[in-house]
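Residue numbering for the sequence shown follows the UniProt record's numbering, starting at 1 and increasing by one per position. Structure first, then comments.
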Amino acid sequence: MLMRKGQDGVEPVPGQKGKKKAVEQRDFIGVDSTGKRLLFMANEADLDEELVIKGSILQKHPRIRFHTGLVDAHLYCLKKSITSIRSELIPYLVRKQFSSASSQGQEEKEEDLKKKELKSLDIYSFIKEANTLTFAPYDGCWNACRGDRWEDFSRSQVRCYVHIMKEGLCLRLSTLGLYIEANRQVPKLLPVLCPEESLVHSSAQIVNKHLVGVDCLIGPDTQVGEKSSIKHSVIGSSCVIRDRVTITNCLLMNSVTVEEGSNIQGSVICNNAVIEKGADIKDCLIGSGQRIEARAKRVNEVIVGNDQLMEI
């Protein structure tokens, strides 16, 4: 499945000083006139200065529509034994759908034995010989797509199709910014998808509910103390937020403890972290199990353990 490129949120990314422009490499994706058949797929890094299209593709599909604003949603239907999907398998299958299987029974010389062994690993060697194509038009399981021609099926048993997402929401959480933005979208989508579910879990204990924003999501068994304000944030389960705490534009994972009088803005706090009394945290990424000392002031920092690796 393909989708439009996601946009990072307008808020700064925790732990990142200034606006860091990511180096983006585009995917060149070619589809047929119906927008269903996948004809070409390559990353900009794998191409030279020109785009080379095989003549066999142009003969069957003289009109190809190229997209550079789409990304792979990483949603596939395949066997569990297949690995290296995006970088190897998909481009390989796209190429192979316009080539024919090697002729069988051809005698080869002894010095070409090595080539023969390598050739046996071709995709066609995994396709069982059957009369499926002969009877396919009369088979109830036949699933030809609009725009496909019978002669195309009779020549190739490898075909790649694509679904381009035009509506709805789908995000690839490949960066910290996209991960934060996805969490911000959840409170907006949850009432539509699950109207019976409340954004604030019924088991959460909140002293002053009017200080919790309507766009906040609070998980089960979380406790929020007196005069504590939570705005534009997602709070996980079993968190303890003491009195007079201010949390704005934050993501708190599970079992986070925030002591009295702390102020947290634009930050991601991972599981089991402890923010001690009076700490002031802005645009930070706090790793799992980390402890921020009382009355500490942290801005644009990534605080993780020595054995933790976190990419922003």
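Where is the CB? At the ideal position from N, CA and C, for every residue including glycine. Just so we're clear, the structure is a prediction, and the values are computed from it rather than from any experiment.
How would you write the range of the beta strand (DSSP E) that residue i sits in, first residue to last?
i, result
"residue 178", "Unbroken run through residue 178 is the alpha helix (DSSP H), 176-193; no beta strand (DSSP E)."
"residue 297", "297-299"
"residue 2", "2-4"
"residue 94", "That residue, residue 94, is in no beta strand (DSSP E); its alpha helix (DSSP H) goes 90-96."
"residue 349", "A query on residue 349 cannot be resolved here, the shown segment of the chain reaching from 1 to 312 and no further."
"residue 227", "Per DSSP, residue 227 belongs to no beta strand (DSSP E) and is neither H nor E."
"residue 247", "246-248"
Near residue i, what residues of its chain come up, given a Cβ to Cβ distance below 6 Å and the 5 sequence neighbours on each side ignored?
i, result
"residue 246", "229, 263"
"residue 239", "222, 252, 256"
"residue 224", "206, 241"
"residue 290", "273, 303"
"residue 297", "280"
"residue 293", "276"
"residue 110", "The predicted model places residue 110 with a pLDDT of 46, which falls under 50 and marks its position as unreliable; any figure quoted below should be read in that light. Cβ within range, chain order: n/a, list empty."
"residue 175", "none"
Provide the residue(s) that pair with residue i in DSSP beta bridges, ordered along the chain.
i, result
"residue 65", "31"
"residue 161", "37"
"residue 282", "265, 299"
"residue 53", "Per DSSP, none; premise fails for residue 53."
"residue 172", "Its beta-bridge partners do not exist; DSSP assigns none."
"residue 205", "223"
"residue 13", "Partner(s): none; residue 13 has no beta bridge."
"residue 241", "224, 258"
For residue i, does the count of other Cβ atoms within 10 angstroms reach 16, so buried, or fall short, so exposed?
i, result
"residue 48", "exposed"
"residue 267", "buried"
"residue 249", "buried"
"residue 226", "exposed"
"residue 269", "buried"
"residue 45", "exposed"
"residue 13", "buried"
"residue 173", "exposed"
CB-CB under 7 Å to residue i, same chain, minus the five flanking residues each way: which ones, in chain order?
i, result
"residue 183", "234, 251"
"residue 43", "25, 27"
"residue 237", "219, 220, 221, 222, 254"
"residue 243", "225, 226, 227, 228, 260"
"residue 54", "98"
"residue 203", "220, 221"
"residue 90", "41"
"residue 76", "85"
So residue i packs on residue j, CB below 8 Å; how close in whole Å?
i, j, result
"residue 295", "residue 279", "6 Å"
"residue 160", "residue 94", "5 Å"
"residue 39", "residue 61", "6 Å"
"residue 299", "residue 287", "Between residue 287 and residue 299 the Cβ distance is about 17 Å, and since that is not below 8 Å, they are no contact."
"residue 201", "residue 213", "In fact, because the Cβ distance is near 15 Å, the residues do not count as touching under 8 Å."
"residue 216", "residue 190", "So it is not a contact: roughly 11 Å between Cβ atoms."
"residue 165", "residue 1", "6 Å"
Skipping 5 residues on each side, what residues in its chain have a beta carbon closer than 8 Å to that of residue i?
i, result
"residue 65", "30, 31, 32, 33, 35"
"residue 271", "236, 253, 254, 255, 256, 288, 289"
"residue 73", "1, 2, 3, 165, 170, 172"
Could you check whether the Cβ of residue i sits closer than 9 Å to any Cβ belonging to chain B?
i, result
"residue 180", "Considering every chain present, this structure includes no chain B. It has just one protein chain."
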